[in-house]
Structure formats: structure tokens, C-alpha cells
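Residue numbers (the working numbering), protein chains in the order written: chain W, 526 to 680; chain S, 526 to 680.
What follows is a single structure, written as C-alpha cells, with notes after it.
There are 2 protein chains.
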Amino acid sequence: MTETPPPIWLTVGELAARTGVAASALRFYEDRGLIGARRTDSGHRRYPRSMARRVAFILFAQRIGLSLEEIRAELQKLPVGRAPSGEEWAQLSATWSDRLDQRVAELQRLKRGLTDCIGCGCLSLERCAILNPSDQARALGAGPRYWLGDSPPSD
Amino acid sequence: MTETPPPIWLTVGELAARTGVAASALRFYEDRGLIGARRTDSGHRRYPRSMARRVAFILFAQRIGLSLEEIRAELQKLPVGRAPSGEEWAQLSATWSDRLDQRVAELQRLKRGLTDCIGCGCLSLERCAILNPSDQARALGAGPRYWLGDSPPSD
DNA sequence: CTAAGACTTCAACCACACTTGAAGTCAAGA
DNA sequence: TCTTGACTTCAAGTGTGGTTGAAGTCTTAG
């Protein structure tokens, strides 16, 4: 029985290895309040194994298009002091479905524009429903700040 | 007949007004080689009206998820010295359809993961097909640089 | 003619999501 | 014990896509 049992508390390097997220990123997430860690007497971080799931959730939420600040706000809804249940994780992301639907709709609108719009001259702007959607589509690329339909800081 | 005829050459402010893109952004695009301009004797920019379409194309391409550098490369395929035809614009974007399909597929995968994956523990990473897609999905949010499946600079 | 507003360049700044490096401490195997 | 590698903090740097400001020039309406 010389097999090493799976460690209960993970170092930052171990958590990095398990999640694929760089240790520097994990420290950064802590700095931004997305994750936390116990500390050893000497100051080294120690994570419970459930933390890997929290990190995975962060990555998932990023893919959805949330900023770290938004993710932080979401994570605050979770219980403190114990690992969240599967259901609690699922509840957290329940509202994202609409967001994804909107994104898919925009992409499909863009795809139609590929044939309908670019060639025909609709690209004359101003009333193009493809280039001028109502949603913000933040995570779909930065784009110029003041696009048609977005209001500049104080117009 | 005191009506002002539509100007043949646009100033940067006029092009900004027509496209909804800030003048500073237009200068920035010029700096990056995406657009060009004639100059008056005094150095002021003058754009042909067809430039509005080029700018619209840039915005469109950004929505698709292309970086400015990628867009620059695309635009280099266009003829110089004359305004491109509608067909030429359409050809340029013909290959984007696949890209959009992939993005839509990823979003739908993410949406399924909302119910299938987050709650069930699949979020344990490493083999999660949702968090570990083969494409890069660059425009879907930055995310940590070294995600599972991406190779660090030299592993 | 003159004043306002639009234009010019250039450098600096912004947000986001990290990475990198310096300087030092801690932990674990030989 | 020693040495190596992993850890610590903090500051500074990176890339993308711009914006903002300073200092000066040009254009145009009155």
C-alpha cells in the first residue's frame, strides 16, 4: 500500500494541473475574489478538491461570455463553508440559456448576412438589421465603442 | 436648387457619421492598414463614398470574430484603385460560413452543458467535451491562455 | 477678418485577462 | 544538511481595440 492517496488539500500547482489553468491565473482569480484558499502556517495556499469544480465553472462561464466580474457576482450566490451541490451549480447557470439563444440568433443572422447583405449593398449601414442588432454581444469581439444604436456616454 | 449634393469625397467626420464608427477608430484602422485615404494639400483625409462599405465590412467581420489583423489580410485581397463590386465583397466572406457554424455548434454545446454537464459532475474537467472543444473560439472571451488541449509555448 | 469647429499628429491612457520577473521563503528528497 | 523546486508577494509587461488630450493647423460661416 505505497500508493499515494488523492490529496485532500491541493496546492496551487496541483489545482493548476487538475484544471489546466495556470497557477498565476488562479492567484489572479483569488485577487479578483472568484476563488479563495486556506493558508498553511507559512502562507501557502491550500484548496479543497471541490475547488476544481469552481474553477471549471469559471471557465464555463467565460465561454458563455461572462466577464470575471460577472462571474464573481454569480459565485457569491453559492453557499460559503461547504462545497455546493450539483443542483446549486445548475441553478447558478440556469439563466444563461437565454443569453446563449441570443448569441446563436445573432450568429445565424450574421450568417444570413453573408449572402443576403454583403453582396447586395445592404451594407450601406443605418438600417441594416444584421449589423445593428439590439443586443450588445459584448463577448463577440470588441468592436468600436459607439456603434449605431449604442448610445455614447452622453449624446 | 440650394440642396447640397451628396459629397463625393468624405471627410473623416463625415465617414464617422455615416458609419457610426468614431473618427478616432477610423484613424486607428488606417494606422493598422485596414483603410486608406487620399489627402488634401493640407493633409486632411478624404474618403470615397465606397469607403463606408469597407468600414461596414470591417464591423461585420469583427462580429464574425475576426481580429483586425485577420481583417486586414482579407481586405488585401480586394482590388486597389477602384471600389470592389458586390460580388467581390461576397467572395471575401464566403469562407466565413464554416466559422459561424462552428461557433453556433459550440454555443449549443455550451447550452447543453448548462443542464447536462454543470449539475452532474462532468465539470470534473479533463474529458469534458464542452469545456474542451477542439476549436479555439478566440472571440468567445479570452480565458486562460493554457487551457486543456492548448499547448503552452513549449511543453 | 475672425472665431469656432473640424482637422492633423503623437503620446499616453483605458479595460480586460492574464503573464512574467524579481526577490525572497518553504518543503521534501538524497 | 543541502539543494532543488514549488511556493510567496508585488510590480511591471502583454495584446487587443480602441479613446483622450495636447498642441497646433485648416476651413468656413458670419
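Here a beta-carbon is modelled for each residue, glycine too, at the ideal position from N, C-alpha and C.
#### Entry: Identified DSSP bridge partners for G535 of chain S
Per the sequence shown, the amino acid found at residue 535 of chain S is Leu instead of Gly. For L535 of chain S, which the question treats as bridged, DSSP gives the partners S:Y572.
### Task
State the DSSP-derived secondary structure class of R578 of chain W, mapped to helix, strand or coil.
helix
### Query
If you check the beta carbons only, do I596 of chain W and L625 of chain W fall under 8 Å apart?
no
### Query
Just by C-beta distance, which residues in the region 597-608 of chain S are closer than 8 Å to chain W?
none
### Message
Within a Cβ cutoff of 6 Å, which residues of the same chain sit near A577 of chain S, ignoring the five residues on either side of it in sequence?
### Response
Cβ neighbours of A577 of chain S beyond the five flanking positions: R543, T544.
### Query
Which residues in the same chain have their Cβ closer than 7 Å to the Cβ of R588 of chain W, if we skip the five residues on either side of it in sequence?
none
### Query
Looking only at its own chain, which residues have a Cβ that is under 6 Å from the Cβ of S649 of chain W, when we skip the five neighbours before and after it?
For S649 of chain W, the predicted structure reports a pLDDT of 48, less than 50, and the residue's modelled location is therefore unreliable. A value from the coordinates is still provided. Excluding sequence neighbours, S649 of chain W sits near nothing in its chain.
### Query
Among the residues of its own chain, which have a CB less than 7 Å from the CB of G561 of chain W, if the five just before and after it don't count?
Hits under 7 Å: E555.
#### Entry: When W:D623, W:L603, W:R607, W:R571 are compared against Q616 of chain W, the one with the closest alpha-carbon
W:L603
### Task
Could you work out which residue in W:P609, W:R557, W:T620 is closest to P573 of chain W when comparing CA atoms only?
Selected option, being the one with the closest Cα: W:P609.
### Message
Is the separation between the beta-carbon of V629 of chain W and that of L632 of chain S shorter than 8 Å?
### Response
yes
### Message
Bridge partners for R563 of chain S per DSSP, in chain order?
### Response
S:R571
### Query
R597 of chain S lies in the alpha helix (DSSP H); which residues open and close that run?
593-600
### Task
For S575 of chain W, collect the residues of the same chain with a Cβ closer than 6 Å to its Cβ; drop the 5 residues on either side in sequence, then sort them by chain order.
A608
### Query
Looking at C-alpha atoms only, which residue of W:L551, W:A581, W:T536, W:R557 is the closest neighbour of S567 of chain W?
W:T536
### Message
Out of W:V580, W:R563, W:G606, which one is the CA nearest neighbour of A550 of chain W?
### Response
W:V580
### Message
Please state the DSSP three-state secondary structure of A630 of chain W.
### Response
helix
### Task
Determine the direct distance from the alpha carbon of G611 of chain S to that of W621 of chain S, and round the result to whole angstroms.
16 Å
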